[in-house]
Amino acid sequence: MKLFIIIGAVNAFLAVALGAFGAHGLEGKVEPKYLETWKTGVTYQMFHAVGLLIIGILLGNIPASSALTWSGWLMTVGIVLFSGSLYVLTLTKISMLGAITPLGGVSFLVAWVLLIIAAVKFL
C-alpha cells in the first residue's frame with residue numbers, strides 16, 4: 006500500500022531531521038538525560054519508519070491483509086505516542102508525559118506481532 010510507504014518515508018525523513026536537531030540544536034541546552042531521551046525517540050521512530058516501508062512493500066506484493074494494515078497503523082500510532090511523547094518530554098520536562106510513552110511501546114509490540122502473523126499466513 007502506497008500510503009504506508011509514504012508514511013514510512015516521511016517518518017524516516019523526520020527521524021533524520023529530528024536527530025540532527027537533537028545533536029546540534031539541543032546539545033548544551035538540555036540536560037544529558039533529556040538528550041538521551043530525545044535520541045531514544047529518534048531511534049525508535051527510525052526503526053518503525055523502516056517497519057512501515059516493509060509493510061507498504063508487503064501489501065503491494067501479497068493479498069490484502071488486515072493484520073498488515075493494522076500493523077502499519079499501530080506503528081504509526083506508536084511513533085506518535087512513543088517518540089512524540091519523548092520529544093515533548095525533552096522540550097518541556099513535563100514528567101507526566103512519561104505515562105503516554107508505554108502506550109506507544111505497546112502499539113509497537115502489537116504491530117510487530119501482527120507482522121509476524123501476516124508473514125506466517127501469507128509468506
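First residue of the sequence shown? That's 6 in our numbering, and the numbers climb one at a time after it. Beta carbons: idealized from backbone N, C-alpha and C, even for Gly. Being a predicted model, the structure only gives us computed values, none of them experimental.
Contact set for residue i: own chain, Cβ-Cβ below 8 Å, skip 5 residues either direction
i: I62; result: I10
i: A1; result: In the structure displayed, the chain extends from 6 to 128; residue 1 sits before or after that span and is not available.
Residue range of the unbroken alpha helix (DSSP H) whose run includes residue i
i: L73; result: S71 to G83
i: F9; result: K7 to A25
i: F52; result: P37 to L64
i: G109; result: T106 to F127
Burial state of residue i (16 or more Cβ within 10 Å)
i: I84; result: buried
i: M51; result: buried
i: M80; result: buried
i: A104; result: exposed
i: A69; result: exposed
Which listed residue (the options) has its alpha carbon closest to that of residue i
i: L86; options: T106, A14 and V35; result: T106
i: G27; options: G110, V93, W117 and I99; result: V93
i: V21; options: V82, H53, S70 and W75; result: H53
i: K7; options: G109, I99 and T74; result: T74
i: V55; options: G110, V115, I99 and N16; result: N16
i: L128; options: H29, F18, L102 and I67; result: I67
Residue j beta carbon less than 7 Å from that of residue i
i: T97; j: Y39; result: no
i: S88; j: G46; result: yes
i: G13; j: L64; result: no
i: I60; j: G77; result: yes
i: T48; j: L91; result: no
Contact set for residue i: own chain, Cβ-Cβ below 7 Å, skip 5 residues either direction
i: K44; result: G27
Cut-off 6 Å between Cβ atoms - residues of its own chain near residue i, not counting five sequence neighbours on either side
i: G24; result: V47
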